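Worksheet for the structure shown next.
Protein chains: 2
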Amino acid sequence: MPVFTTNTTPNADLEFERKKTTFDKTKLTNLINGSVKKTLRRNELRAIIESDPIFSNTNNAYMSRTERHISALKKTIHFLKLCRKHGIYNKETGEITQHDDFHLFVYCLCDDPLPIALHYIMFLPNIRALGDDEQQREWLRECRDWNMIGCYAQTELGHGSNIRALETTATFISEEKCGLKGGGFIIHSPTITSTKFWPGTLGKTANHAMVIAQLIDGNGKNHGIHNFLVPLRCQKTHKHLPGVTTGDIGPKLGYNNMDNGYASFNNVLIPRRNMAMRFATVNENGVYSKTKNVSEATSKVSYITMMDVRVLIISDSGLALARACTIVLRYSVQRRQGYIEEDTNNTTKQEQQVLDYTMQQYRLLPLLASSYIFHFTGRCAKDTLTNMQQRLLSSSSKDHPTKIEMQDFHATTSALKSFCTTVSADGIEDCRKACGGHGYLVSSGLVELSNTYLSNNTVEGDNFMLPQHVVKVLLKLIPAVQSIENKHQLMKLKKMYQNCNSCYLIDPLHDMIHSPDSNSGYSNKDVDIFDELNDDTTIPFLLKAFAHRSARLLLQIAKSLQDYIMSGKTTMEAWNLSLIHMHNASQAHSLYILLHNFHALISSKEKNNIGDAPLGTNEVHILKQLGYLFGYYWIHKEKGDYLYDNYFTSEQITYMLQTIIIHKLLPTIRTNVIGLVDAWDFSDFQLKSALGNYNGNVYQEIMNSSYREPLNHSDDGYVQYLRELIVGDVAVWKGNTVIDATQNQGVQSKL
Amino acid sequence: MPVFTTNTTPNADLEFERKKTTFDKTKLTNLINGSVKKTLRRNELRAIIESDPIFSNTNNAYMSRTERHISALKKTIHFLKLCRKHGIYNKETGEITQHDDFHLFVYCLCDDPLPIALHYIMFLPNIRALGDDEQQREWLRECRDWNMIGCYAQTELGHGSNIRALETTATFISEEKCGLKGGGFIIHSPTITSTKFWPGTLGKTANHAMVIAQLIDGNGKNHGIHNFLVPLRCQKTHKHLPGVTTGDIGPKLGYNNMDNGYASFNNVLIPRRNMAMRFATVNENGVYSKTKNVSEATSKVSYITMMDVRVLIISDSGLALARACTIVLRYSVQRRQGYIEEDTNNTTKQEQQVLDYTMQQYRLLPLLASSYIFHFTGRCAKDTLTNMQQRLLSSSSKDHPTKIEMQDFHATTSALKSFCTTVSADGIEDCRKACGGHGYLVSSGLVELSNTYLSNNTVEGDNFMLPQHVVKVLLKLIPAVQSIENKHQLMKLKKMYQNCNSCYLIDPLHDMIHSPDSNSGYSNKDVDIFDELNDDTTIPFLLKAFAHRSARLLLQIAKSLQDYIMSGKTTMEAWNLSLIHMHNASQAHSLYILLHNFHALISSKEKNNIGDAPLGTNEVHILKQLGYLFGYYWIHKEKGDYLYDNYFTSEQITYMLQTIIIHKLLPTIRTNVIGLVDAWDFSDFQLKSALGNYNGNVYQEIMNSSYREPLNHSDDGYVQYLRELIVGDVAVWKGNTVIDATQNQGVQSKL
């Protein structure tokens, strides 16, 4: 079969679009990466990975799961060697985790999930968070030397979000009974539903697991769930240890390199000191005690592991969506369909670029805006988390984050995780669909991106469960605001919430509760207020609308809960009957945070444009357009909520879509669309897409992928089965009349 | 590894739910299948398939594409033999297509796509529609005898919906020049973008293709696209004929059994009579002419092939969604998560069934309702199509469907195809997500269902493109209504549209155009109107709301188009700027049709309950609840459109969600949820789901699937790569201090 060589001449449509770009895209690239220096380092590391044939992803789509897993292990070992070779590890501890370059290497540059990932993402941070000093010393050394490869085993076959219901037990057993010095614990899976199920790296790779189990002390008392380091496999032979059964859980929608695993324990004895003992201990007599001198804030550190992963997920949501946008938008300026004018003579005319259909712009440009906005909010959340982690480690309790701050951060990251991953997963799929038929090809690059990304909607708190956490925290503001009697108290409350994301809710809640008749809407005012898009008025206008909706939905839930309880329902019944509203309220909260953070970033760059990644006026201008589009798009999308209380009139809603979105924002952003996706600066290696290459050549790349399909190199199907049908036994297959086989040769080609 | 034997004792939760069912589910099963007789026949055929090990799907998830394709070919041959054995073929012609049992066999019972499918779905119907009598005789005989296996090759690499732009050429060549008696055509692919791409069955299976190409006559004049039968492979050896290149296009998101293919033609000569000549011919001198005595209606028959597939897709949308609902709802009554009451003593309490969360009901029960409603509208559309096909074949032109009727049917099936497949694809994915983590497992049965189903959003008219066709047709009503001056003219227009789905638009359009100030909303009326759910008032109320929205959105588009044109835009520009609204209008039209058809079916069953699948009062009652839920759910979901023109007030909208949906409809349907999914009567073989089995046993089935994963039977990953890391060269992997490997044995289990 002919293979088209990759054309290095850029596609003319792409070239044309690139020339239209009104800003310097390298400035945005540096902003996205964090600094000029980081971009340069990224380029250096990327060159190492992409020039190395071991990291090739070309044949991924044709491998079986076993082949892909093994190929990913091969990459893992090679990757770790490269880290050593290029000095990307901590020279004192031998670890490479938490090194900036490492994250870049693993997540952004190999572009193929490595089975060892959960060792880094969950196992090591968990040891650091929950092990006492001695345990950290010992266990981290074992990790450094690769005697220990671990995973984090929490979820069970029958138990997910409700971790209190986990069934695995860790029962204290005295030295006398078990023979281990200082006593031990018996780890046991009492039922099939208690089988540990889902942990990444558990199936085939890990030889240890941090197992979350119900701790039962020497007196048979249950102290709830705690963490236990359980050896799974022999460190010399990798064979299972007695009583331990683990394996891979089987094929999944995506993420199939990873050996997500199951584990079942049949009375497995571990040393007592394998319980993580930073915050609680069990002594040699089986007596449980909380560790003394642990402040409330410090004890919260155990939540940090989960928040850390959640923040990572928020940050990655922008990145994943940006990849999909890059592919579909590059393809959408090259793909042409439909004539611009009705005409019967169709032989000479060129068809229209599909991106020039308003519908295509309306589907895709808000997603492009979201990718930027999610990314920067992810960075904000990361900064806040780092700040809180540092303060938690301080010896002075004055430095510790307050309980309100911790809860607020938990609520906000929960809301953002739920919202951003929903928009990104749906958005990636929308990008795939917006590629038309070719989006259905694995070679589009969107199939594996979408399928693997979809796990983010469920892991680390299901997106439909998290809103409950959000609302539970935010609702606390309502009695606080209700009890305000004067300006002084209002100021005091705002001060308590000054470091909190939810601070913005105080003013609108105060207005709604204390002056319910005030018209806080824009109705009846002249629509001219919308006409000029400028930062001084537009962003405050949008943020006010987002804050209003968020506050109103929260108040509606409070009222609904109260009404149910007054009518005799239990708290749980009332809560259950209000769940649908909570989903909405959590989304409204996210929208405010996202636009607020994005605006704050651009403003700070605009006002004080020095530092690591300076922006010029043109870059600031285009980023602002993305913010406006995000704001107006979501107000229009949620128009029902704004018409509901007449915050906006129907005319205003129509004006937003017709005049602001369709006539102003979409055309402005459309001009810069290729610049905006190029600024993300994904390499062709990373995109793995026949549709999204930097230089285009879409159709050649598709055909080259087709030619690689192994089915095209096999005749087994014909030889084994089809042949029998076509030339087989006449009695079985043919009709009543036996046909002269030569008679039909007329329809065969003679050239 | 232990394999759990399948427990034949039904799960207690499922048993309990089944006992609550208030109706006779076999009556609904018969209604779904069409009649008692059809159910019995289905059971008979199902037993044949399911007892035959060749049809086993157990290992599908572990096969490579090549293996799956070959396995599906094996099933194809065996299936055709079984059809012969059991008399499922037309004894006169040897064909088995268009035989009721055949569709059942292929689509519903094997439950694994057969590569030959497009031969039946597209190739044979196309010969019947476009071949002249002699061609039909000759070609169908070749098909009967399996000398000819065909596909339908329309789409090209660079050309999808805009078929006028297809590039493949069929150029007449005289006998003198080519040596074929009577002359021939040269089939040619002039560019890479003209490569035929996507046709199912083309890649490896077909030896002929019906190729759609630009016909260029003996004078070099282009007559637009026509159909040509092109031999691809030798009927004896299955080798490609000279000038023909075909192959499989490579891995896709789903539908990977099927060899969707590409084909490129390098000046391939075919006989002149290989052009399908029912409606147009080219004579031996290369002169093109339309066939005489073909009525306008009859010439429309060429559209029928596409409508036929579209109707099939509408019908299947309900079936596919019902499968997903069956899986997730059976799982949701067995899966438990979260305690019902806050309590610190969690050791003895049982967790709550996840279906008892309002959010879970709100996510899933409207989908269950949709599955029923789509299925029956699919049947309606099928009946209408059959009726039109029969009338088209009539010799009396009075019997032929009118142009208005044809266009209306085209618009309505386009709208329904777009809407039903969008809701079903999104709905199947929602069902998958609503299974929590386990929905991400291939063994959930939802992964392949979803991935394969998703192609329906793009094929046979992209869901974002079709609304244009819908609106183009519906808009014609507006000048017609505008020109009405009296009751007589109104009656006349209604008569013209009496057989049309869009007839319902005439009254609300008439009101809006001729009495724009009349309040056709329900605002300001007492909300008591909603309080009693009964057929006499509720369905007309819902239909009126649906019709109102549909008419208003259509009128808004007409106005928007007019405004743009008045402001100097071209028609095409105005059209482009209105695309976003068209999507919405097409959806609104679909909603009316769906509820109307469903209601008509139930009413007819209620009033005249005899015939093939009689229903009792209880069955009618529960079906009505599904109709109500569908209606109220969509009004609430589209509340923005109803608040927009004050058709409903905010209080009414809230009342619909809180009182009608949450308090009345969800609990009523929740009681019957297992009965309603059981009524679809999918077998475990069909569902292929560890989560959706009839008897439950969810956790055993998941574990059994995990044990089958081939990765669990291979140590290659460890031996080839991991081993080096864990026990390999200390200098490469270990830290600064060499650790005594024996020192750490304390953490190893000693049991």
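If you read the protein sequences in the order shown, they are chains A and B.
Taken in order, the first sequence gives residues 15 to 765; the numbers are from our numbering.
Taken in order, the second sequence gives residues 15 to 765; the numbers are from our numbering.
Each residue gets a CB set at the ideal place from its N, CA and C atoms; glycine is no exception.
Small disclaimer: the values here were computed from a predicted structure and weren't measured.
- The C-beta of PHE388/B has 16 or more other C-beta atoms within 10 Å across all chains shown, which makes the residue buried.
- In the assembly as shown, VAL712/A is a buried residue. Its beta-carbon has 16 or more other beta-carbons within 10 Å.
- A residue is called buried when at least 16 other Cβ atoms come within 10 angstroms of its Cβ; SER410/B does not meet this threshold and is exposed.
- Approximately 36 Å separates the beta-carbon atoms of GLY197/B and ARG324/B; this is outside 8 Å, ruling out the contact.
- Put simply, the backbone Cα of THR207/B is about 8 Å away from that of GLU181/B.
- Taking SER188/A as the centre and dropping the five residues before and after it, the same chain places the C-beta of GLY197 closer than 6 Å to its C-beta, in chain order.
- In this chain, the alpha helix (DSSP H) harbouring LYS88/B covers 79-99.
- Under the 8 Å Cβ criterion, the region 432-447 of chain A does not count as touching the region 409-427 of chain B, having fewer than three qualifying pairs.
- Look at LEU679/B here: in three-state DSSP terms it is helix.
- Here SER303/A carries a strand assignment [DSSP, helix/strand/coil].
- Residues of the region 432-459 of chain A with a C-beta atom less than 7 Å from some C-beta of chain B are LYS447, GLY450, GLY451, TYR454, LEU455, VAL456 and SER457, listed in chain order.
- With contacts defined by Cβ atoms closer than 7 Å, GLN367/A and ARG350/A form a contacting pair.
- Under the DSSP assignment, SER278/A falls in the beta strand (DSSP E) whose first and last residues are 275-279.
- The beta-carbon distance between GLY710/B and PRO24/B, rounded to whole angstroms, is 6 Å. This is short enough to meet the 8 Å contact definition.
- For GLN366/A, the enclosing beta strand (DSSP E) begins and ends at 365-367.
- For ILE226/A, the enclosing beta strand (DSSP E) has its first and last residue at 222-230.
- Closest in alpha carbon position to SER384/A, among PHE93/A, HIS202/A and LEU637/A, is LEU637/A.
- Distance check between VAL244/A and each of ASP231/A, TYR302/A, THR183/A and ASP525/A places THR183/A closest, using alpha-carbon atoms only.
- The continuous alpha helix (DSSP H) containing ALA602/B extends over residues 593-621.
- Proximity of ASN241/A to chain B, defined by a Cβ-Cβ separation below 7 Å, is not satisfied.
- At a beta-carbon threshold of 7 Å, the residues of chain A lying near TYR376/B are ILE594, ordered along the chain.
- At least one CB atom of chain B sits nearer than 7 Å to the CB of TYR713/A.
- The beta carbon of GLU462/A lies closer than 8 Å to those of ASN74, ALA75, GLY268, VAL456 and LYS702 in the same chain, with the five residues before and after it left out.
- Under DSSP, PRO129/A forms no beta bridge with any residue.
- In the pairwise beta carbon analysis, the region 639-657 of chain B is classified as not touching the region 58-66 of chain B: fewer than three pairs are separated by under 8 Å.
- The C-alpha of ALA565/B lies about 6 Å from the C-alpha of LEU519/B.
- By the neighbour-count definition (other C-beta atoms within 10 Å, threshold 16), VAL733/A is an exposed residue.
- The DSSP-derived three-state label of TYR708/B is coil.
- Nearest C-alpha to THR209/A among GLU190/A, GLU170/A and ALA227/A: GLU170/A.
- Residues of the region 124-138 of chain A that bring their beta carbon within less than 7 Å of a beta carbon in chain B are absent altogether.
- Contact between HIS133/A and LEU725/B fails: their C-beta atoms lie close to 18 Å from each other, not under 8 Å.
- Taken through DSSP and simplified to helix, strand or coil, LYS266/B comes out as strand.
- Judged by their CB atoms, ASP698/A and TYR708/A are nearer to each other than the 7 Å cut-off.
- As summarised for the region 180-261 of chain B, the continuous alpha helix (DSSP H) elements at least 4 residues long and confined to that stretch are 189-192, given in chain order.
- LEU333/B and ALA26/A have their C-alpha atoms roughly 45 Å apart.
- Of the residues ILE328/B, MET162/B, GLU29/B and LYS99/B, the one whose Cα lies closest to the Cα of LEU59/B is LYS99/B.
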